[in-house]
Amino acid sequence: MKTFSLSAIALSLLLTACQPQTSPPQTSASAPGVSPAATQVTGEAASPWWQDAVFYQIWPRSFYDSNGDGHGDFNGMTAKLPYLAELGVNALWLTPMFEAPSYHGYDFTEFYQVESDYGTMAEFAAFIDAADAKGMKVILDLVINHISSEHDWFKRSAAGEAPYKDYFIWRDDMPKTGSGWGHAWSDNDKPDAVWHYNKTRNAYYYAAFGASQPDLNLRHPDVVAEMNKMAKFWLDKGVAGFRLDAVRFAMEGGPDAQADTAETIAYWQDFNQYVKSVNPQAYLVGEAWVDIPIAARYYGDGTGLDQGFDFEVGYKILGLLKPDASGEAQFGTMQSNAKQAADATVLQQNVQQRNDSVAPLSFFAPFLTNHDQERIAYQLEQHDAKAKLAAAMLFSSPGTPYIYYGEEIGLTQDRSGHDVFKRAPMLWDNSKQAGFTAADNSWVEQLELFGDNFPNWYPDFLTAQLSATDRSVAAQQAQPDSIWQLYKLLIAQKKQRPELGTDGSYDVKQLDNGVVQISRELNGSKSLFVLNLTDSAADISAINRDGLNAGWAFDLDGNMLAAYGLLLLHSAP
């Protein structure tokens with residue numbers, strides 16, 4: 028297989044070679060039923076700050092350990108703010124950082140205390156101030172659907188104490204199969220049961236995400252008031268908003284209504300109204316892991332959430348790069364892409380579907396993967412060229428992009444099967460523990476956190492990553508054509524070029540030779556992404572490059588684009 032790797036000098040020559048030229052008309056292959064016309068988006072009069080943001084998702088425990096205890100912490104994140112500024116991101120999402128018994132924090136026991144493994148409230152406040160000084164907004168992962176079974180509220184509810192007795196959802200017996208929403212997923216004797224027996228109360232409580240995470244009763248006015256109070260507490264600390272976990276499951280009801288009920292939509296509208304009363308610029312983004320038409324409902328006619336994640340676009344991008352891939356569904360609510368053909372017009376269909384939904388296109392936040400999914404580099408078997416194509420497709424898509432920490436260096440995982448594999452420490456350099464911690468062992472080697480007989484997988488995985496020599500931040504920052512360098516370029520272009528916002532047209536064309544071109548244009552400003560989705564070098568002489576300059580062309584040799592190669596072109600500023 029012929030490949031091309033250009034030096035900086037060669038790239039400079041390419042910038043000249045890609046100046047305006049006369050080319051034959053371009054051709055395209057469109058899927059049946061898909062209009063070849065560009066998807067045009069109507070913009071809003073005044074854009075809120077998140078429309079221009081590029082978010083970076085941090086798993087605090089795995090980002091950087093400043094005190095040598097093997098756990099990432101607030102001071103570690105503060106120390107790495109210069110890195111994030113250099114990368115170019117301007118908004119950060121922290122996964123749960125409240126006190127919790129688990130390593131992941133989605134079952135917190137305190138509403139107003141930070142996770143002690145991460146540091147003190149003063150250190151958290153210092154991080155917020157330092158991020159603000161660098162122009163970075165910080166949002167927190169807020170779990171309102173459920174809390175820990177170790178929380179004082181649940182203990183008092185189980186004991187029947189007033190007023191906590193009805194803070195959770197209880198029933199005296201199990202509903203018969205098919206007769207209640209508690210039985211839509213499984214029976215109580217299965218691992219994913221939603222009703223769980225409590226000996227203290229001699230009753231069953233509802234917990235959609237496991238026995239240790241009982242669902243709150245969001246019909247109870249005291250509970251609603253406390254959730255509002257909690258939001259205000261953290262907004263007053265200087266956070267810019269919240270990523271809301273499991274928004275679809277706020278209020279269940281009826282035989283087939285565990286998710287997306289009218290009450291649930293109304294709850295988030297009320298919550299948004301309260302949050303905006305505290306800070307009109309506060310931002311709410313919801314995790315509705317479901318197909319686009321349903322996810323769009325959380326826009327609530329403009330009074331609901333500010334944004335919601337587009338879970339489909341990542342699956343479609345992966346499907347193009349690995350056609351046998353299948354999407355991970357949650358509770359069976361997303362369609363699988365297992366039989367999806369490598370036809371890039373699915374990207375056009377994705378944007379059109381967003382545009383046709385009850386929410387505006389600006390509502391949707393695209394991403395590749397997050398902490399609940401197998402890392403994109405793992406699914407692509409650490410094929411760096413494909414990882415670059417994935418990044419290009421993400422940043423060509425309209426909306427507010429989210430990056431999961433490590434995606435910018437192609438961070439992979441050891442294996443599938445447990446969430447911790449997706450959440451391992453960041454690789455900063457090629458020193459011991461990859462520069463993550465000065466300790467001999469990182470937190471992922473504390474096997475007692477993960478249950479009995481959990482394998483000690485990390486030492487061999489880390490050794491393999493360090494042996495590769497090019498998997499760390501330091502190594503990739505030194506390479507002109509690394510994944511990291513591409514992400515830095517894409518982020519800069521996303522922020523600087525108006526056509527890459529939500530207002531620019533979006534047009535996908537697939538040539539007969541497997542080359543895909545994605546064009547974005549607004550008021551004469553244009554960006555063109557040329558991607559070779561095949562394993563052979565491809566002729567791109569048919570692509571019109573008049574008036575366009577090369578921004579990324581390491582994989583180009585004349586008119587031949589390397590296998591899985593990428594060419595980025597744009598008009599003059």
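Take any residue in the sequence shown, count from 1 to its spot, add 27: that is its number in this note's numbering.
Don't be surprised by glycine CBs; every beta carbon is placed ideally from N, CA and C.
Do you know offhand how far residue 149's Cα is from residue 310's? Going from the Cα of residue 149 to the Cα of residue 310 covers about 23 angstroms.
What does the alpha-carbon distance come out to for the pair residue 109 and residue 167? 20 angstroms
Label residue 382 either buried or exposed according to how many other C-beta atoms from any shown protein chain fall within 10 Å of its C-beta, with 16 as the threshold for buried. buried
Specify whether the stretch 170-178 and the stretch 236-253 touch according to this definition: at least 3 beta carbon pairs, one from each stretch, less than 8 angstroms apart. yes
What residue range does the alpha helix (DSSP H) around residue 518 cover? 510-523
Distance between residue 484 and residue 491 (C-alpha atoms, nearest Å): 11 angstroms
Counting C-beta neighbours from all protein chains within 10 Å, is the total for residue 224 16 or more, i.e. buried, or is it exposed? exposed
By the 10 Å Cβ neighbour count, where 16 or more other Cβ atoms means buried, how is residue 142 classified, buried or exposed? buried
Do residue 198 and residue 191 have their CB atoms nearer than 7 angstroms? For the pair residue 198 and residue 191, the CB atoms are not nearer than the 7 angstroms cut-off.
Please state if the CB of residue 121 and the CB of residue 163 are separated by a distance shorter than 7 angstroms. no
Neighbour-count burial assignment, residue 128, 16 or more Cβ in a 10 Å radius: exposed
List the endpoints of the continuous alpha helix (DSSP H) containing residue 403. For residue 403, the enclosing alpha helix (DSSP H) begins and ends at 403-406.
List the residues that DSSP assigns as beta-bridge partners of residue 559. Residue 559 is bridged to 542.
Starting from residue 255 and walking both ways along the alpha helix (DSSP H), at which residues does that stretch end? Here the alpha helix (DSSP H) through residue 255 covers 248-263.
Under three-state DSSP, which class holds residue 420? helix
Beta-bridge partners of residue 269, as assigned by DSSP: Assignment of beta-bridge partners to residue 269 by DSSP yields 167, 311.
I believe residue 481 touches residue 474 by the beta-carbon criterion, under 8 angstroms. Please report the beta-carbon distance rounded to the nearest angstrom. 5 angstroms
Should residue 585 go down as buried or exposed, given a rule of 16 or more other Cβ atoms within 10 Å for buried? Label assigned to residue 585: exposed.
Taking only the alpha-carbon atoms, compute the straight-line gap between residue 591 and residue 185 and give it to the nearest angstrom. 58 angstroms
Proximity of residue 426 and residue 393 at Cβ, strictly below 7 angstroms: yes
In its own chain, which residues sit with a C-beta less than 6 angstroms from the C-beta of residue 255, not counting the 5 before and 5 after it? 301
Where does the unbroken beta strand (DSSP E) through residue 576 begin, and where does it stop? For residue 576, the uninterrupted beta strand (DSSP E) segment begins and ends at 576-579.
Can you check DSSP and say which residues form a bridge with residue 335? DSSP output for residue 335 lists 313, 391 as bridge partner(s).
Report yes if the CB atom of residue 82 is closer than 7 angstroms to the CB atom of residue 325, and no otherwise. no
Short check: CB of residue 574 to CB of residue 549, under 7 angstroms? no
Using C-beta distances below 6 angstroms, list every residue in its chain close to residue 441, excluding the 5 sequence neighbours before and after it, in chain order. Cβ neighbours of residue 441 beyond the five flanking positions: 448, 484, 488.
Count the other C-beta atoms from every protein chain shown that fall within 10 angstroms of the C-beta of residue 559, then say buried if there are 16 or more, exposed otherwise. It is buried - the Cβ of residue 559 has at least 16 other Cβ atoms within 10 Å.
Contact under 7 angstroms by Cβ, residue 316 with residue 298: no
Residue ranges of each beta strand (DSSP E) run of no fewer than 3 residues wholly in the stretch 410-454, ordered along the chain? 429-431
Using 10 angstroms around the beta-carbon of residue 438, count the other beta-carbons present and answer buried if the total reaches 16, otherwise exposed. buried
Identity of the residues DSSP links to residue 225 by a beta bridge: 230
Rounded to whole angstroms, how far is the Cβ of residue 493 from the Cβ of residue 540, which I believe are closer than 8 angstroms? With 8 angstroms as the limit, residue 493 and residue 540 do not qualify as a contact, their Cβ atoms being about 39 angstroms apart.
Pick out whichever of 396, 424, 436, 389 has its Cα sitting closest to the Cα of residue 410. Nearest C-alpha to residue 410: 436.
Per DSSP, residue 565 forms a beta bridge with which residues? Residue 565 pairs with 588.
Ends of the alpha helix (DSSP H) at residue 292? Following the DSSP letters along the chain, one finds residue 292 inside the alpha helix (DSSP H) bounded by residues 289-305.
I need the straight-line Cα distance from residue 432 to residue 329, nearest angstrom please. 31 angstroms
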